[in-house]
Amino acid sequence: MKMNLVSSWLLITILSSSISLADNSSVPVVAEPKSIAVEEIISDKKIQQRLTDILSAVGSYDQVKVKVISGVAILSGFVDEDSQIEWVNNLANRMDGVVAVQNQIKSHPNQILDLAPAREEIDIFNVALVRHLPTILTAIFVLTISFFLFFLASYGFRRVFVKKIPSPLLLNATSKILSVPIFLLGLYLALRISGLAGLAFTVLGGTGILGLILGLGLKNSFEDYAASILLSIKKPFRPSDWVKIGEYEGIVQKVTSRSTLIIDFAGNHILMPNSIVYKSNVTNMTANPKMRCDFVFGLDYNDSIEEAQALVLDLLGKSNIVLKDPEPWALVDALAGSAVNVRVYFWLNAREVSIFKVSSHILLEVKNLLLSNGFRFPDPDREIVFTNGLSIGRNVKSKTEKTNKSVTNRSPLLEEVRAEAAELNRQSRESDLPDQGENVI
713 MKMNLVSSWL
723 LITILSSSIS
733 LADNSSVPVV
743 AEPKSIAVEE
753 IISDKKIQQR
763 LTDILSAVGS
773 YDQVKVKVIS
783 GVAILSGFVD
793 EDSQIEWVNN
803 LANRMDGVVA
813 VQNQIKSHPN
823 QILDLAPARE
833 EIDIFNVALV
843 RHLPTILTAI
853 FVLTISFFLF
863 FLASYGFRRV
873 FVKKIPSPLL
883 LNATSKILSV
893 PIFLLGLYLA
903 LRISGLAGLA
913 FTVLGGTGIL
923 GLILGLGLKN
933 SFEDYAASIL
943 LSIKKPFRPS
953 DWVKIGEYEG
963 IVQKVTSRST
973 LIIDFAGNHI
983 LMPNSIVYKS
993 NVTNMTANPK
1003 MRCDFVFGLD
1013 YNDSIEEAQA
1023 LVLDLLGKSN
1033 IVLKDPEPWA
1043 LVDALAGSAV
1053 NVRVYFWLNA
1063 REVSIFKVSS
1073 HILLEVKNLL
1083 LSNGFRFPDP
1093 DREIVFTNGL
1103 SIGRNVKSKT
1113 EKTNKSVTNR
1123 SPLLEEVRAE
1133 AAELNRQSRE
1143 SDLPDQGENV
1153 I
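Residue numbering for the sequence shown follows my numbering, starting at 713 and increasing by one per position.
Quick look at the structure:
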């Protein structure tokens, strides 16, 4: 009996404990109270001031105005470029407390003449110039030294080859060509110091300055210079020579490194590129000072041709202007319809006397001499010769009845028949000649 009571009591105790535990598990556990973080709202005035300060610190936004109402940033004003509008818009969107952005900013209208970009480039250039000024000065110093060494070497080479190269132009060109490597070395160093190594290799590689000059249309100038060297070596003519170059004829004044200047007998100045002169046919009238001149006259068939020849040759032999060597000739040239044509050849010193003046003077002397000795000059257009001796009342005087007129023959003075070159050279000195450089022949 007691055992049953104990068992019942244990059972009741266990059931009570289970119920108590079940009740305890259903009661909620209350946690300790914690503080809740509440975001502090930034005032419109502070947002507006913050945006204004940032724009002022950046610069270039002096004309932009900022106004904030209930977290809405209202932007207005003007900027220089459209990209600045987007930048201000992004700045306002990232600002704390800004809930929306109303962007009313506009860019200035494009101006016809806007110097702002130019000023910016000038400022950038000035900064770069100051930064690289020591390098630039060093490069200029090296280039100056190379110029000095170039001219010094050129002078030295001229002294060395002055007796071996007779042509002044060829001597000058040779001395400068031999001195060019010194200048190129200095130019290469100056470019390397300046940081232009690529350009330095281009110059020394032969595809730089020389190729650029020849490729830009200076081929003719190079040909003229080369022709000047060849003309100075061959010397087909000299100053004061009477020449005919192509279709032009005149007296040579000078030959420069580019062109040849002649003055024709009308006083006109003719400037010809040396490349054309070198390629043309050149006739030098005074390279040999002895020049042969000739003229023709007709005598009547009844006159003694042998006597006329002797008289003319005697006249030429007494002249102090006509050369004795080679000797003059008086030859029968043709048996024409109404006359026997005689051609007279004589030689003059063309460097001293004018062939035109002397020929004119000799023609007059021959005419006077032959007329005074009874010779006639038939006119082929007006005279008919009757070979059967038909008499029509004309009094024909025999040779013994011819009236001899005394004619005084006077040899002209040298000043009266001086060569044209002297007069044209005088006119050339008094003229305003084009400056083409130093004479190279």
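C-beta atoms are modelled at their ideal positions from N, C-alpha and C, and glycine is treated no differently.
The way I'd put it, the stretch 887 to 899 does touch the stretch 851 to 869; three or more beta-carbon pairs between them come closer than 8 Å. Proximity to Gly-809 across Phe-1087, Gln-761, His-820 peaks at Gln-761, based on C-alpha coordinates. CA-CA distance, Ala-812 to Ala-830, rounds to 38 Å.
Taking a cut-off of 8 Å for Cβ pairs, the stretch 1008 to 1023 and the stretch 979 to 986 do not touch, as fewer than three such pairs fall below it. In the structure shown, Phe-934 adopts helical secondary structure according to DSSP, grouped into three states.
Counting the other CB atoms within 10 Å of its CB gives Ala-939 a total of 16 or more, which places it among the buried residues. In the DSSP assignment, Glu-961 falls outside any alpha helix (DSSP H) and lies within the beta strand (DSSP E) extending over 960 to 967.
Three or more Cβ pairs drawn from the stretch 783 to 791 and the stretch 767 to 775 lie within less than 8 Å of each other, which places the two stretches in contact. Excluding residues up to 5 positions away in sequence, Leu-1028, Pro-1040, Phe-1058, Trp-1059, Leu-1060, Val-1070, Ile-1074 lie with their Cβ nearer than 8 Å to the Cβ of Val-1034 in the same chain. Counting along the chain, Gly-1086 sits inside no beta strand (DSSP E), nor does DSSP assign it H or E at all. Its chain contains no residue whose beta carbon lies nearer than 6 Å to that of Leu-1047 once the 5 sequence neighbours on both sides are disregarded. When the five nearest sequence neighbours on each side are left out, the beta carbons in the same chain lying within less than 7 Å of the beta carbon of Leu-883 are those of Arg-870, Phe-873, Val-874, Ile-877, in order along the chain. By alpha-carbon distance to Lys-888, the top candidate from Leu-903, Gly-868, Gly-907 is Gly-868. Asn-1080 and Gln-1139 have their C-alpha atoms roughly 35 Å apart. The beta strand (DSSP E) runs of length 3 or more contained entirely in the stretch 997 to 1070 are, from start to end of the chain, 1002 to 1011, 1041 to 1047, 1052 to 1061.
Three or more pairs of CB atoms, one per stretch, sit closer than 8 Å, so the stretch 993 to 1009 contacts the stretch 952 to 959. Gln-816 is bridged by DSSP to Ser-788.
Within the DSSP secondary-structure output, Ser-971 pairs in a beta bridge with Pro-985. Counting the other Cβ atoms within 10 Å of the Cβ of Asp-936 gives 16 or more, which makes it buried. Taking a contact as a CB-CB distance under 8 Å, the pair Ala-1131 and Arg-1063 counts as one, their CB atoms being some 6 Å apart.
Pairing Leu-1082 with Leu-1025 gives a Cβ-Cβ distance that is not under 9 Å.
Counting only the Cα atoms, Leu-901 lies some 20 Å from Ser-866. For Lys-757, the enclosing alpha helix (DSSP H) has its first and last residue at 756 to 770. Asn-1053 and Ala-1042 have their C-alpha atoms spaced approximately 10 Å apart. A straight line joining the alpha-carbon of Asp-1037 with that of Lys-1002 spans about 9 Å.
The bridge partners DSSP lists for Val-1129 come to none. In this structure, the straight-line span from the alpha carbon of Leu-903 to that of Gly-962 is close to 51 Å. Counting only residues of its own chain and dropping the five nearest sequence neighbours on each side, Ser-782 has a CB closer than 8 Å to the CB of Asp-756, Val-811. By the Cβ neighbour-count rule, Val-842 is exposed, with fewer than 16 other Cβ atoms within 10 Å of its own.
Check the Cα spacing between Val-1044 and each of Asn-1032, Tyr-1013, Phe-934, Ser-1084: the tightest is with Tyr-1013. Here the alpha carbons of Ser-1084 and Glu-1077 stand approximately 11 Å from one another. Out of Ser-944, Val-1129, Leu-803, Ala-840, the CA that lies nearest to the CA of Asn-1032 is found in Val-1129. In the DSSP assignment, Val-780 falls within the beta strand (DSSP E) that extends over 776 to 781. In this structure Leu-787 is in contact with Asn-815, their Cβ atoms being roughly 5 Å apart against a cut-off of 8 Å. In this structure, Asn-1151 sits near Lys-966, with a CB-CB distance shorter than 9 Å. Counting every other CB atom within 10 Å of its CB across the protein chains shown gives Thr-886 a total of 16 or more, marking it as buried.
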